[in-house]
Amino acid sequence: MSDVEYLRSFLTEYADFPKPGVGFLDIFPLLRNPLAFETLITHFVHHILSQTIPKSLLKKVDVVVGLDARGFLLGTDHRTAVGRSFRPG
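In terms of my numbering, the sequence shown opens at residue 4 and continues consecutively.
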């Protein structure tokens with residue numbers, strides 16, 4: 004099983020929640036599993052360092068911003084991994 008398949012195995016999508024036409028993706032089972040959570044953060048950080056930063060104008064990260072509830076949950080771990088500060092947005 005690939006890492007992506009492993010991570011997807013923790014996710015459940017609920018169609019038409021909270022209203023018709025909207026899908027809710029439950030990530031909390033993934034957050035409850037330390038190995039799955041570490042795998043997720045590792046993949047995010049690898050993508051940031053190998054794909055996002057090389058394509059950016061300044062080639063660096065100044066700050067990690069968490070824009071919503073999930074951003075608050077994941078942003079601090081990203082900040083730690085890339086060695087920058089975290090700002091809730």
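All residues carry an ideal CB built from backbone N, CA and C; glycine is no exception. Since we're looking at a predicted model, the values are computed, not measured.
Could you work out which residue in the options is closest to residue i when comparing CA atoms only?
i: G86; options: R35, V25, V48; result: V48
i: G69; options: K63, K62, L77; result: L77
i: H81; options: L60, E41, G92; result: E41
i: G74; options: P91, A18, V66; result: P91
i: M79; options: I44, F89, A72; result: Per the sequence shown, the amino acid found at residue 79 is Thr instead of Met. Among I44, F89, A72, the Cα nearest to that of T79 belongs to F89.
i: V66; options: L60, A72, L43, T83; result: T83
Keeping to the same chain, check which residues put their C-beta closer than 8 Å to that of residue i; ignore five residues upstream and five downstream.
i: N36; result: F13
i: P21; result: F27
i: L10; result: L33, A39, T42, L43, H46
i: D19; result: V25, G26
i: P23; result: none
Identify, in the order they occur along the chain, each residue of the same chain with its Cβ nearer than 7 Å to the Cβ of residue i, setting aside the five sequence neighbours on each side.
i: K63; result: I56
Quick check: the Cα distance between residue i and residue j, rounded to an integer number of angstroms?
i: S59; j: L34; result: 29 Å
i: M4; j: E16; result: 20 Å
i: L61; j: V7; result: 30 Å
Contact the stretch 51-58 vs the stretch 18-33: 3+ CB pairs below 8 Å: Taking a cut-off of 8 Å on C-beta distances, the stretch 51-58 does not touch the stretch 18-33, as fewer than three cross pairs fall below it.
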